[in-house]
Amino acid sequence: MQELDFFDSNIPCLAACPVNTNAGLYVAAIAEGDDEGAYLAARLPNPFASVCARVCAAPCEDACRRGTLDAPIAIRALKRFVTEKYGVEAGSASLVAQVATAPSVKRPENIGIVGGGPCGLAAAHDLAKLGYQVTIYEATDILGGMMVMGIPEYRLPRDLVAAEIQTIIDMGVEVQFDTQLGVNANLAEIRERHDAVLVAIGATLGRGLDLEGHEADGVLRAIEYLINANRGFAVDIGERVVVIGGGDVAMDAARTALRTEAYEAKADTQDT
Numbered sequence: 144m145q146e147l148d149f150f151d152s153n154i155p156c157l158a159a160c161p162v163n164t165n166a167g168l169y170v171a172a173i174a175e176g177d178d179e180g181a182y183l184a185a186r187l188p189n190p191f192a193s194v195c196a197r198v199c200a201a202p203c204e205d206a207c208r209r210g211t212l213d214a215p216i217a218i219r220a221l222k223r224f225v226t227e228k229y230g231v232e233a234g235s236a237s238l239v240a241q242v243a244t245a246p247s248v249k250r251p252e253n254i255g256i257v258g259g260g261p262c263g264l265a266a267a268h269d270l271a272k273l274g275y276q277v278t279i280y281e282a283t284d285i286l287g288g289m290m291v292m293g294i295p296e297y298r299l300p301r302d303l304v305a306a307e308i309q310t311i312i313d314m315g316v317e318v319q320f321d322t323q324l325g326v327n328a329n330l331a332e333i334r335e336r337h338d339a340v341l342v343a344i345g346a347t348l349g350r351g352l353d354l355e356g357h358e359a360d361g362v363l364r365a366i367e368y369l370i371n372a373n374r375g376f377a378v379d380i381g382e383r384v385v386v387i388g389g390g391d392v393a394m395d396a397a398r399t400a401l402r403t404e405a406y407e408a409k410a411d412t413q414d415t
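In terms of this note's numbering, the sequence shown opens at residue 144 and continues consecutively.
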């Protein structure tokens, strides 16, 4: 019935999830003792379920109807519970192979994907499951995008990200590294090689503030700082750091600064 379809597609927690994960389904499965079913429900629409169980902003919890009564259900924590039991980090107990397998007979179409971050990798995963031949063109020498270049390792272990990515590569996805548009590749050439091309170049540029002195020496954008720090490049930040902002990126920058050179890092959240 159309009414039921509309209802199912407008469940607040599901509608709030960027990848339409049915949080209610896996929360209910856990409550019923079906942890395996819960993991499969969480993993089916999301090839980075284990990653999201650790660093997702959890918009599903903001939308959770339980919050109107007392407090939202701890959806992300429950996802982590089942991913640690059955995800890529679970070793021999992992159920990933049940939902991340490419068909033995490939389709003739070949798809190119520009960008090896979360979007490009997720698309490669889904296309490979459908039988398409997929090639990713990545500008750097590593896959993962902001999962590995933006989020610090103390929040998101690199071996976990690598395991999620390897699952996708094992589905037959090919990768060409150090292929940067406008430098050693152009979109027209890539388009000629493939039946279709997806551009998933990400958003790696930080946002600045229109303030006097924003281009002065020692003033850095948090995203650029985190990318350099996470890649192991030396960044001279001195011993005392002020971070303007109070969101996740600001906190990552402040905590990363304390783990490198700074002995004092202050986050200024007023009027930002």
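Just so it is clear, CB atoms sit at the ideal spot from N, CA and C, and this is done for glycine as well.
For clarity, every value in this text was computed on a predicted model and none was experimentally measured.
Check	Outcome
Output the boundary residues of the alpha helix (DSSP H) element that contains residue 116.	Not covered by the structure: residue 116. The range shown for the chain is 144 to 415.
For a quick check, are the C-beta atoms of residue 260 and residue 288 less than 7 Å apart?	yes
Report the rounded CA-to-CA distance for residue 348 versus residue 221, giving the unit in angstroms.	33 Å
To which residues does DSSP link residue 256 through a beta bridge?	279, 341
Look at the alpha carbon of residue 351 and the alpha carbon of residue 173, and state the distance between them as a whole number of angstroms.	43 Å
Taking Cβ positions, are residue 318 and residue 279 nearer each other than 7 Å?	yes
Can you give me the start and stop residues for the alpha helix (DSSP H) that residue 383 sits inside?	From DSSP, residue 383 is part of no alpha helix (DSSP H) but of the beta strand (DSSP E) over 383-387.
Counting only the same chain and skipping the five closest in sequence on each side, list residues whose C-beta sits under 6 Å from that of residue 215.	204, 207, 209
So, helix, strand or coil for residue 144, using DSSP?	The pLDDT assigned to residue 144 is 49, lower than 50, so where the model puts this residue is not dependable; a value taken from the coordinates is nonetheless given after this. Note: residue 144 maps to coil in three-state DSSP.
Pull up the distance between the alpha-carbon of residue 415 and that of residue 368, whole angstroms please.	Confidence at residue 415 is low in this model, with a pLDDT of 49, below 50, so its placement is unreliable and the value that follows should be read with caution. If I take the Cα positions, the gap works out to 19 Å.
Taking the Cβ atom as the reference point for each residue, do residue 169 and residue 181 lie within a distance shorter than 7 Å?	yes
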